[in-house]
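**Q** Quick note on the UniProt record's numbering: the sequence shown kicks off at 1 and runs consecutively.
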Amino acid sequence: MGDPVFSVIIPCCNEENYIRGCLDALLSQAGLPDDHGIEVIVAANGCKDRTVQIARACEGDFTARGFALQVLDIPEPGKTGALNRAEAAARFGARVFVDADVILSEGVLAELGTLLDADTPVYASATVTIPTPRSAISRAYARVWTNLPFVRDGVPGIGLYAVNAPARSRWGAFPPIYSDDRFVRMNFAPHERRKARASYRWPLPEGLRNLIRVRRRWTEGNRELVKKYPQLMVNESERNKTPANLLALLATPLASTAFVSVYVASELLARLPRRRTGFHWRRGRA
1 MGDPVFSVII
11 PCCNEENYIR
21 GCLDALLSQA
31 GLPDDHGIEV
41 IVAANGCKDR
51 TVQIARACEG
61 DFTARGFALQ
71 VLDIPEPGKT
81 GALNRAEAAA
91 RFGARVFVDA
101 DVILSEGVLA
111 ELGTLLDADT
121 PVYASATVTI
131 PTPRSAISRA
141 YARVWTNLPF
151 VRDGVPGIGL
161 YAVNAPARSR
171 WGAFPPIYSD
181 DRFVRMNFAP
191 HERRKARASY
201 RWPLPEGLRN
211 LIRVRRRWTE
221 GNRELVKKYP
231 QLMVNESERN
241 KTPANLLALL
251 ATPLASTAFV
261 SVYVASELLA
271 RLPRRRTGFH
281 WRRGRA
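In structure tokens:
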């Protein structure tokens with residue numbers, strides 16, 4: 001394996017309660033050579049809180065660990081716009097995209113470096129885990145969701161995905177869409193996707209209202225992709241609605257009831273037109 005050389009991009013908007021934890025997890029990465037070529041770009045956009053100041057206060061720590069840290073303070077809010085600004089500033093062709101509320105375990109970057117070290121296109125992520133939610137409904141939902149084949153056996157890339165330089169050439173600038181993670185994943189056939197055994201923590205929405213709200217946005221984002229990029233759907237391979245998977249829900253009736261209730265409510269709401277209430281930076285947890 002060659003030394004890891006890639007740009008880690010973290011888009012964020014008003015994440016003062018999360019950005020330090022995300023950056024500390026990067027500082028704690030193990031298994032990297034002293035002369036690794038990893039840079040980190042925090043793409044803060046439309047922030048009204050202390051996200052930028054907190055990130056910039058970490059510059060000395062990153063320098064000491066051999067990371068180059070760059071913090072962009074972008075006035076305009078918008079995730080895909082921030083991704084494009086960060087990519088314009090990135091030095092390396094291989095990219096790792098991380099949400100600001102994600103916590104990487106210490107071996108993620110080293111293992112991603114191994115997976116991305118190829119001359120052919122590679123899309124990669126790590127093994128997603130859910131921190132135990134506070135609310136009972138979210139715990140029940142998580143029990144079912146983490147056992148869906150799409151999550152358990154596939155490479156969903158939710159909150160964390162990576163591509164090597166040949167893979168990054170599959171698309172141009174990020175389009176103004178909600179589901180950037182699924183858009184990128186669907187640019188690759190299943191045999192081009194790799195999953196690291198190392199894990200990362202991705203927070204699930206807390207409570208019924210937030211679960212339905214976020215699940216509705218997922219549904220809307222998926223429908224948007226089908227409408228705008230139907231040619232990518234050929235790469236959709238994971239299926240959750242097989243008879244065997246549906247029967248498996250019977251093994252956890254209470255958790256399954258919670259999951260199905262959220263799923264049905266969000267699907268119905270996604271059919272309704274949204275009221276225009278100005279810009280809202282959509283995130284996965286609320």
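We put the beta carbon where it would ideally sit given N, CA and C, even for glycine. Remember, predicted model here, so these are calculated numbers, not experimental data.
Is the beta carbon of Leu93 sitting closer than 8 angstroms to the one on Arg168?
**A** The residue asked about is misnamed: residue 93 is Gly in this sequence, not Leu. Against a cut-off of 8 angstroms, the Cβ pair of Arg168 and Gly93 comes out as a contact.
**Q** Can you tell me whether Leu160 is helix, strand or coil according to DSSP?
**A** Three-state result, Leu160: strand.
**Q** Does the distance from the C-beta atom of Pro156 to that of Ser125 stay below 8 angstroms?
**A** Yes; because the gap between Cβ atoms is below 8 angstroms, this pair is in contact.
**Q** From Val264, Trp145, Pro230, Pro176, pick the residue whose C-alpha is nearest to that of Trp202; which is it?
**A** Of Val264, Trp145, Pro230, Pro176, the residue nearest in Cα terms is Trp145.
**Q** May I ask you to report which of helix, strand or coil DSSP gives Pro11?
**A** Reduced to three states, the DSSP call for Pro11 is strand.
**Q** Identify whether Ser125 lies in helix, strand or coil by the three-state DSSP scheme.
**A** Looking at Ser125 - three-state DSSP - the assignment turns out to be strand.
**Q** What are the residues that DSSP puts in a beta bridge with Gln70?
**A** Its beta-bridge partners are Ile41.
**Q** Rounded to whole angstroms, what is the Cα-Cα separation between Ala68 and Val102?
**A** Approximately 20 angstroms, taken between the alpha carbons.
**Q** Please classify His36 as buried or exposed, where buried requires at least 16 neighbouring CB atoms within 10 angstroms.
**A** The residue in question, His36, is buried, as its Cβ has 16 or more Cβ neighbours within 10 Å.
**Q** Kindly list the residues whose CB is nearer than 7 angstroms to the CB of Val52, restricted to its own chain and excluding five residues on each side of it in sequence; keep chain order.
**A** Closer than 7 angstroms at Cβ, skipping near neighbours: Ala44, Val71, Asp73.
**Q** Taking its Cβ as the centre, do 16 or more other Cβ atoms sit within 10 Å of Asn17, making it buried, or is it exposed?
**A** So Asn17 ends up on the exposed side.
**Q** List the endpoints of the continuous alpha helix (DSSP H) containing Arg185.
**A** That run of the alpha helix (DSSP H) goes 180-185.
**Q** DSSP has Phe97 in a bridge; who is on the other side?
**A** Answer is Ile9, Tyr161.
**Q** Looking only at its own chain, which residues have a Cβ that is under 7 angstroms from the Cβ of Thr277, when we skip the five neighbours before and after it?
**A** Its pLDDT being 49, under 50, Thr277 is placed unreliably by the model, and nothing is read from it.
**Q** Spell out the partners DSSP gives Leu104 in its beta bridges.
**A** BP columns for Leu104 point to Tyr200.
**Q** Take Trp171 and list the residues in its own chain whose beta-carbon comes closer than 7 angstroms to its own, dropping the five residues that flank it on each side.
**A** Asn187, listed in sequence order.
**Q** Considering Cα atoms alone, identify which of Thr80, Arg271, Leu23, Glu106 is closest to Ala57.
**A** Among Thr80, Arg271, Leu23, Glu106, the Cα nearest to that of Ala57 belongs to Leu23.
**Q** Shortest alpha-carbon distance to Pro77 belongs to which of Thr252, Pro176, Val262, Arg197?
**A** With distances taken between Cα atoms, Pro77 lies closest to Pro176.
**Q** Quick one: what does DSSP say Lys48 is sitting in, helix, strand or coil?
**A** In the structure shown, Lys48 sits in coil (DSSP, three-state: anything other than H, G, I, E or B).
**Q** Distance check for Thr129 and Val108, CA to CA, integer angstroms please.
**A** If you take the alpha carbons of Val108 and Thr129, they lie about 13 angstroms apart.
**Q** Pull up the CB-CB distance for Ser105 and Tyr200, whole angstroms please, since I reckon it's below 8 angstroms.
**A** Between Tyr200 and Ser105 the Cβ distance is about 6 angstroms, and since that is below 8 angstroms, they are a contact.
**Q** For Arg194, which three-state DSSP category applies?
**A** If DSSP states are grouped into helix, strand and coil, Arg194 belongs with the strands.
**Q** Rounded to the nearest angstrom, what separates Ala86 and Gly221 at their Cα positions?
**A** In a straight line, the C-alpha of Ala86 is about 22 angstroms away from that of Gly221.
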